[in-house]
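>
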Amino acid sequence: MELLPENLPANPLPLTKLWLDEAMQERAQPNPNSMSLATVNERGQPSVRVVLCKDLIIDPGYLVLYTNYLSAKSADIDKNPNVAFVMHWDSKGRQVRGEGLMIKSPAKESDAYFLSRHRGSRIGAWASLQSQGISSRDALEQQFAETNARFADTAVPRPPHWGGYRLWFTAIELWLNLESRLHDRARWERSVQLPEQAGPSPIKPGQWRCRGRLQP
Ligand SMILES: Cc1cc2nc3c(=O)[nH]c(=O)nc-3n(C[C@H](O)[C@H](O)[C@H](O)COP(=O)(O)O)c2cc1C
Numbered sequence: 017m018e019l020l021p022e023n024l025p026a027n028p029l030p031l032t033k034l035w036l037d038e039a040m041q042e043r044a045q046p047n048p049n050s051m052s053l054a055t056v057n058e059r060g061q062p063s064v065r066v067v068l069c070k071d072l073i074i075d076p077g078y079l080v081l082y083t084n085y086l087s088a089k090s091a092d093i094d095k096n097p098n099v100a101f102v103m104h105w106d107s108k109g110r111q112v113r114g115e116g117l118m119i120k121s122p123a124k125e126s127d128a129y130f131l132s133r134h135r136g137s138r139i140g141a142w143a144s145l146q147s148q149g150i151s152s153r154d155a156l157e158q159q160f161a162e163t164n165a166r167f168a169d170t171a172v173p174r175p176p177h178w179g180g181y182r183l184w185f186t187a188i189e190l191w192l193n194l195e196s197r198l199h200d201r202a203r204w205e206r207s208v209q210l211p212e213q214a215g216p217s218p219i220k221p222g223q224w225r226c227r228g229r230l231q232p
């Protein structure tokens, strides 16, 4: 029977990363790095969708995901960087819930990741205006074919409207599935202040504070 450590660690991220790494190594599910990401729009309406967690940096403590900067989620984040997420590995009986603040990744990091993607995905990033309407499936495929032809003889650069976000953790809850619904859960919190303006000024999060175990 797996339990959280009796003496809960001061920082939840090493265990969070271990769970993510184990799910990836064991291919616990087809997309073991998938997570549901909730954003809130200007009217206070939450919305949620699945994205892929492409990296998790324990120190100073953020995860990285990639998306279209003109998508509905990005419009939400532009107005309100507060988000929540959940990762769930059913076969492992493990869940990570979290909250945080989103800020765009440095352009160089997005460039490097974009170059590592298959050509089809790179073309897709240009061809799909994520979250916008389209008249038909045929029209979408036509957009893809035209974009493919446009880049036939050249490398496909990263579109300016596509790149990474860093999700700076402000709260983490680790959860283990146990018998009789006596699940083991614990929560940690810390403060994070985003810079007033985008730029190189470093983000210095506060210390993690363990809120202890929670009844399941
Ligand atoms: C397994 C899976 C992985 C996904 N990964 C991503 C991703 O990494 N980035 C992304 O923008 N959308 C991803 N999507 C699509 C999103 O769920 C969503 O449809 C899309 O981002 C548009 O969301 P929005 O209109 O709320 O911005 C993924 C969907 C699934 C089911």
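In this note's numbering, the protein residues as written are 17 to 232. Note that the Cβ used here is the ideal one computed from N, Cα and C, for glycine as well. Given the structure is predicted, the values throughout are model-derived calculations rather than measurements.
So, is P28 buried or exposed, given that buried needs 16 or more other C-beta atoms within 10 angstroms?
It counts as buried.
> Return yes when at least one heavy atom of ligand 1 lies under 7 angstroms from the C-beta of A141, else no.
For ligand 1, not one heavy atom lies less than 7 angstroms from the Cβ of A141.
> Going by DSSP, what residue range makes up the alpha helix (DSSP H) through Q158?
First-last of the alpha helix (DSSP H) with Q158: R153 to R166.
> Give me every residue whose Cβ sits closer than 5 angstroms to any heavy atom of ligand 1, in chain order.
The filter returns N47, S50, R65, V66, V67, L68, T83, S87, A88, K89 and S147, in chain order.
> Rounded to whole angstroms, what is the Cα-Cα separation between S132 and P76?
Roughly 24 angstroms between the two C-alpha positions.
> Is the beta carbon of L117 less than 8 angstroms from the beta carbon of W224?
No. Outside cutoff.
> DSSP puts V80 in a beta bridge; with which residues?
Beta-bridge pairing links V80 to D71 and R182.
> Which same chain residues, not among the five before or five after R227, have their C-beta less than 7 angstroms away from its C-beta?
Contacts found: R203, W204 and E205.
> Can you name the start and end residues of the beta strand (DSSP E) that M51 belongs to?
Element bounds for M51: S50 to V56.
> Given a threshold of 16 other Cβ atoms within 10 Å of its Cβ, counted over all protein chains shown, does L172 qualify as buried or as exposed?
Per the sequence shown, the amino acid found at residue 172 is Val instead of Leu. Buried is the call here.
> With DSSP as the reference, label Q231 as helix, strand or coil.
Three-state DSSP puts Q231 in coil, outside helix and strand.
> Quick one: using the 10 Å Cβ neighbour count with 16 as the cut-off for buried, is M17 buried or exposed?
The residue in question, M17, is exposed, as its Cβ has fewer than 16 Cβ neighbours within 10 Å.
> Would you call the region 59-75 in contact with the region 104-123, where contact means no fewer than 3 C-beta pairs closer than 8 angstroms?
Output reads no: the region 104-123 does not touch the region 59-75.
> Name, in chain order, the residues that DSSP records as bridge partners for N27.
In the DSSP output, where bridge partners are listed per residue, N27 has none listed.
> Would you mind sorting G60 into buried or exposed? The rule is 16 or more other CB atoms within 10 Å of its CB.
Exposed, because fewer than 16 other Cβ atoms sit within 10 Å of the Cβ of G60.
> How is the alpha helix (DSSP H) around L233 delimited, first residue to last?
In the structure displayed, the chain extends from 17 to 232; residue 233 sits before or after that span and is not available.
> Near P211, which residues of its chain fall below 6 angstroms by C-beta distance, leaving aside the five closest residues on each side in sequence?
Counting only Cβ-Cβ distances below 6 angstroms, and skipping sequence neighbours, we find S217.
> Could you spell out where the beta strand (DSSP E) holding D200 opens and where it closes?
Residues D200 to E205.
> Based on the DSSP secondary-structure assignment, which residues constitute the bridge partners of Q146?
The partner list for Q146 (beta bridge, DSSP) is empty, contrary to what the question assumes.
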